[in-house]
Every structure is written in structure tokens, then in C-alpha cells.
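For reference, the structure is listed below as C-alpha cells.
Numbering (the working numbering), first residue to last: 1041 to 1341.
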């Protein structure tokens, strides 16, 4: 498989995508065929990273996350062998790859996913180009930070207050632009995971409705990076502690939006080798319970 190839099957129900592609490359091939996939929302996003980390699509509300629609990973293992990882061939690797972000000692040769017929006013390619349109003159510094909450109106309202406090503390930074976005991550999105063998992060409909929060902060001046990082770290820490008190906390971090200092795995999953030598993953709990934190934190007073 050529690393940048995009090849639909003859029935137009599956497409093989080389990991060297960006989503603009995929959509450029599929748009003329009146087809699309559950893929990235920005033309500059790479195929490989998105299909290993989960991602979010324009179609996620109906069809789930992009990696839920990967039916096969063609992967080169550390010993040089090329294998297909799917529901029936190497299913342990198949499940582990959905949420791994950057697997060690592996090279991907090909992804295969399902294709949807779609009606639209404009092409998906054009939407992804629009979303990726650059801002500024190339000197703008940009940071992405994320957190996740259970769907709780009071928590979201109080989070906005925390954001406003953070913005006021940073208003001396030139050309500051602080955007907070809230994306519904309902049970209907995660419910698609089990249909293709689940994922490394253990996401399914039993988790309930989530809200993904992404902060996009633009500013001028590399000298302001440390100040910005400290402010965002404090904001996320305060927000997560508040969420615990309101029973709105959630351990999931959407890795596509996470900052370099955020631990997207934490204690959520731990690798365990079974007696048969197969890899499985065990979901665990954070060490501090909600009750213990409420008793110790002044956020809950």
C-alpha cells in the first residue's frame, strides 16, 4: 500500500487510506464520487494520528468517533512482519490501537474504513479547508487545552466564571484571544465503539453524556508562553476540582486537543498480559474518591 494512496473499493463501501495522508487528500478523492468518511474536520489533520487517537468528525453525532469506523489496520510489527489487525485477525492489537495515539515499535501501512453516501450543500473538503483557515500573520502563538465534564449545567456555568477570571489575569498579553468551546459527547457517540470491538480507552454508552471542553488561546510573544501555560494549568486544575464537588468530573481527556503537559491516559487504562500472552486493558479508578475530595476541598463549601 502506497503511504499516501486513497483507494475506495469497487462497491464504494470501504476505502483504503495510507497513513501519510491528511484529510484534505482523502476528501479530494471521495468528493467527486459523492462519498465521505467519518474523518477529520480540518484539512491539515493527519489521517494516522486521528485514527489512532479517536478524533471527532462532522458525523460523530450520528456515527461515533473516527476510529470506530476503522475496519482494518495494516501494521508492520517490530519483527518486520506485516499483519492485518481487525475483529478476527489480531483482535487484541486491533482494539489496543484505537486510542493508543502513537504505538511503540509499529509502522502503519494502511487503514481501511467504511464510506457513507451523503447529501450536502457544499463539499466536506471545502468545510475542512474553511475550518483550517489560518489566522494571524504567522507570528501568532497558539495553545490547545482540554478537559471533560459530565453533562451538568451548574458546572458549565461555573466553569465560564473560572475562564473569565483567567482571561482577566492575562489581559496584559498582546493580541490575546481566548476561545472556550463546548462539544456534546453524548452516549450516542460512544455507543458505536462496541460494534467494531471497542477501544483502548474503554469508552461506551454506559459512561453517560459528556461535554468536551477545548480552550484555544492565541497571543503574541514567545516570552508569554510560560505565563500562559501556568494560567491554563491552574484553570484546568481548579475546574476539575470544582467538577468533582458537583459530581460532574470525568477522567477522559480528548487527546486530539490535549496540551503537552496533559496526561491523556493517567490511570484510566493499564496494560495486562493474560496467561495466553494476549494483551488486554484494565480500567481503573483514580485514587481519590469524590467523597474524600469534597471533604478536603474548599471548593465544596
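Don't be surprised by glycine CBs; every beta carbon is placed ideally from N, CA and C.
Keep in mind the model is a prediction, meaning the values are calculated, not measured.
Quickly, what does DSSP pair residue i with across the bridge? List them, please.
i, result
"residue 1281", "DSSP lists no partner for residue 1281."
"residue 1062", "1086"
"residue 1220", "1255"
"residue 1098", "Residue 1098 pairs with nothing; no bridge assigned."
"residue 1048", "1055"
"residue 1185", "1255"
Figure out for me which residue from the options has the closest Cα to the Cα of residue i.
i, options, result
"residue 1088", "1046, 1075, 1271 and 1051", "1046"
"residue 1112", "1101, 1091 and 1119", "1091"
"residue 1130", "1114, 1222, 1286 and 1118", "1114"
"residue 1302", "1188, 1109 and 1138", "1188"
"residue 1107", "1128, 1080, 1123 and 1124", "1080"
"residue 1204", "1234, 1272, 1050 and 1284", "1272"
"residue 1134", "1267, 1240 and 1084", "1240"
"residue 1078", "1084, 1060 and 1054", "1054"
"residue 1234", "1260, 1048, 1209 and 1103", "1103"
"residue 1243", "1139, 1288 and 1209", "1139"
"residue 1353", "1218, 1250, 1190 and 1206", "This structure leaves residue 1353 out entirely; the chain is present only between 1041 and 1341."
Does DSSP classify residue i as helix, strand or coil?
i, result
"residue 1250", "strand"
"residue 1273", "helix"
"residue 1114", "strand"
"residue 1225", "strand"
"residue 1122", "strand"
"residue 1312", "Residue placement at residue 1312 cannot be trusted, given a pLDDT of 45 that sits under 50; the coordinates are not used to answer."
"residue 1138", "coil"
"residue 1291", "coil"
Is residue i near residue j, with beta carbons less than 9 Å apart?
i, j, result
"residue 1101", "residue 1224", "yes"
"residue 1181", "residue 1258", "yes"
"residue 1186", "residue 1275", "no"
"residue 1230", "residue 1105", "yes"
"residue 1348", "residue 1093", "Past the edges of the chain, shown from 1041 to 1341, lies residue 1348, and the structure says nothing about it."
"residue 1073", "residue 1202", "no"
"residue 1127", "residue 1237", "yes"
"residue 1195", "residue 1288", "yes"
"residue 1299", "residue 1267", "no"
Give me the Cβ distance between residue i and residue j, rounded to the nearest whole Å; I'm assuming they're in contact under 8 Å.
i, j, result
"residue 1220", "residue 1255", "5 Å"
"residue 1052", "residue 1075", "6 Å"
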